Amino acid sequence: MKAFDRPALTVLLIQGARDLTLDLSEAQINKLIDYLALMAKWNSVYNLTAVRDPVQMVTQHLLDSLAAVSAFTGAKNVLDVGAGGGLPGIVLAIWAAEAQPDMRISMIDTVHKKTAFLTQVKAELNLSNVSVHTARVEQWQAPQKFDVITSRAFADLSDFVNWSEHLLAEGGQYIALKGVAPDSEVAGLPPGWQVSEVRALQVPTLQAERHLVFIKRTVP
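Written as structure tokens, this is what we have:
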């Protein structure tokens, strides 16, 4: 892994946030870099991500997730399924702590070492708006249903919906973070569900396609 050059990574993150027209505070920038430092540190043992270069981590993890946060405006109770190393959940939580203080983000993953990392991040970054759960989403019963359920590179859209629909509140929606527009996955959605929007994202310095897929229940 290349050296973790905090000042250079901070500059890269600030510029990327500006390109996304996101107004991040100094505290938010610092927490995002702190999160990246924890991921880089734990990655050697826990294999949280295949990306090893911190510069690429800023682009492929932080900016990639930040490009999506405005889509969550107004959400109160969000579930990140297959949260892995915390993308987009941790990034969303750092943003929401100031931008949407009443938003709560729950993160679920089946892999204990990943949820152990997320629990550590929550503690070290003092993220009081986060809760972490180790479970299979299809078997998990939450105390309260979610108005938004999200995932990043988790599963085929039909599986994503089938496994977690019992957790979606009435009138809620899915926001899936995808690469290339998943036309075949959209066509394979189970009955009773429809895509309300596929939104292309522009991630600064990332030479790859990114899309948000919004899924809602079909109106009877």
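Okay, so the sequence shown: first residue is 12 according to the working numbering, each after it adds one.
Every residue, glycine too, gets a C-beta built ideally from N, C-alpha and C.
The structure displayed is predicted, hence computed values, not measured ones.
- A check of alpha carbon separations from Gly97 across Val69, Met50, Pro112 and Ala134 identifies Met50 as the nearest.
- Residue pairing by DSSP puts Asn88 in a beta bridge opposite Arg115.
- Distance from the CA atom of Lys189 to the CA atom of Glu196, rounded to whole angstroms, is 11 Å.
- Rounded to the nearest whole angstrom, the CA to CA distance from Lys133 to Gly182 is 29 Å.
- Residue pairing by DSSP places Phe225 opposite Ile186 and Glu208 in a beta bridge.
- Assignment of Thr60 by DSSP, reduced to helix, strand and coil, places it in the coil class.
- Linking His72 to Leu168 through their CA atoms gives a straight-line distance of about 21 Å.
- Linking Arg29 to Pro231 through their CA atoms gives a straight-line distance of about 42 Å.
- If you check the CB distance, Thr161 and Val143 do not come in under 8 Å.
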